[in-house]
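Counting from 1 along the sequence shown, just add 215 to a position and that's the residue number in this note's numbering.
Following: one structure in structure tokens, then a few remarks.
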Amino acid sequence: MAAVTRDRHIAGAGTAADAWRGDTGLAGVAEVGVADLVPHGARLVVVAPHPDDEILACGGLLQLLGARTDTRPPLLVAVTDGEASHPGSAAWPRERLRAVRPQETLAALACLGSAAPNLRRLGIADGGVTAAETGLARQLAALFEPGDVVLTTWRHDGHPDHEATARACLAAAAQRGARTLEAPIWGWHWSAPADGAMPLAHARKLPLPAAVLARKRAAMACFQSQVLPDASRDAPPVVPAHALERVLLPFELYFYDPDRAF
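As structure tokens, then:
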């Protein structure tokens, strides 16, 4: 998968959701089913840099996978507890976020209406994943099994924690014989249709039925620390409505290793 060399700074409003909905390149990405992404007998391992990334990346896939009767329980690996999302906030100090955000994940998973995955919390410092990347890869290698499908954030997503988590996943998966899938989250913000930044030639779309998408939207509403304004510093939500709309599309997009094509 080719490296992205352009600026990936996350600022401003970013690319509008409607621009992505009208993108012909994205429309042309082939669709797949759950069994294509997670073959029967395989285990899905979701590695989330922060609480809410698991829902944004694959809240639909988790629901659809939970409807299968022959699947192994997924494993959710929470890399950080998301305690650095509100710097300087009186309402949301780090200690409160460290306690609340993991609880928001549990509420969101319950909202999906499918069996909750097994959960492992690694407790790496929010904002410090790059510094901990080597150790993270070592911890992940101890959790991954041959044949696992490891789903994480995109290696060029724009957020340093997202990118470091992806690199650690890729290294650990290669060591353990697991397959990887990468989901853009902030990549929808800084990239734009037809700019060539997203590797759509190595992407697949998982269509989400309306009811599945509605539950994914409801699950994201559980992250009130992220989707509501911070009155203590007169600040907008960390994840504003326009950012949610970019990710709450009627499909989930995953990049795959071109050496392991579908």
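A virtual CB, placed ideally from N, CA and C, is assigned to each residue, including glycine.
From a predicted model like this one, the values you see are computed outputs, not experimental measurements.
Could you give the DSSP three-state label for residue i: helix, strand or coil?
i	result
residue 472	coil
residue 339	strand
residue 223	coil
residue 409	coil
residue 349	helix
residue 284	coil
residue 292	strand
residue 551	In the structure displayed, the chain extends from 216 to 477; residue 551 sits before or after that span and is not available.
residue 330	coil
residue 450	strand
residue 460	helix
How about residue i and residue j: do their beta carbons lie closer than 8 Å?
i	j	result
residue 462	residue 441	no
residue 390	residue 356	yes
residue 253	residue 280	yes
residue 345	residue 266	no
residue 394	residue 475	yes
residue 464	residue 307	no
residue 380	residue 262	yes
residue 329	residue 282	yes
residue 337	residue 318	no
residue 373	residue 342	no
residue 223	residue 369	no
residue 275	residue 467	yes
State the start and end residues of the unbroken beta strand (DSSP E) segment that holds residue i.
i	result
residue 269	It is not in any beta strand (DSSP E) - residue 269 instead sits in the alpha helix (DSSP H) that spans 268 to 281.
residue 263	259 to 263
Bridge partners of residue i, per DSSP?
i	result
residue 422	466
residue 397	367 and 470
residue 445	450
Quick one: give me the first and last residue of the alpha helix (DSSP H) that residue i is part of.
i	result
residue 378	375 to 391
residue 480	Outside the displayed range of the chain (216 to 477) lies residue 480, so it cannot be described from this structure.
residue 327	309 to 327
residue 442	439 to 442
residue 240	239 to 242
Determine, for residue i, whether the minimum Cβ-Cβ distance to residues of chain B falls below 8 Å.
i	result
residue 258	Annotation note: the requested chain B is absent from the structure, which comprises a single protein chain.
Taking 8 Å as the threshold, find out whether the region 243 to 250 comes into contact with the region 396 to 406 through three or more Cβ pairs.
Taking 8 Å as the limit for Cβ pairs, the verdict is that the region 396 to 406 does not touch the region 243 to 250.
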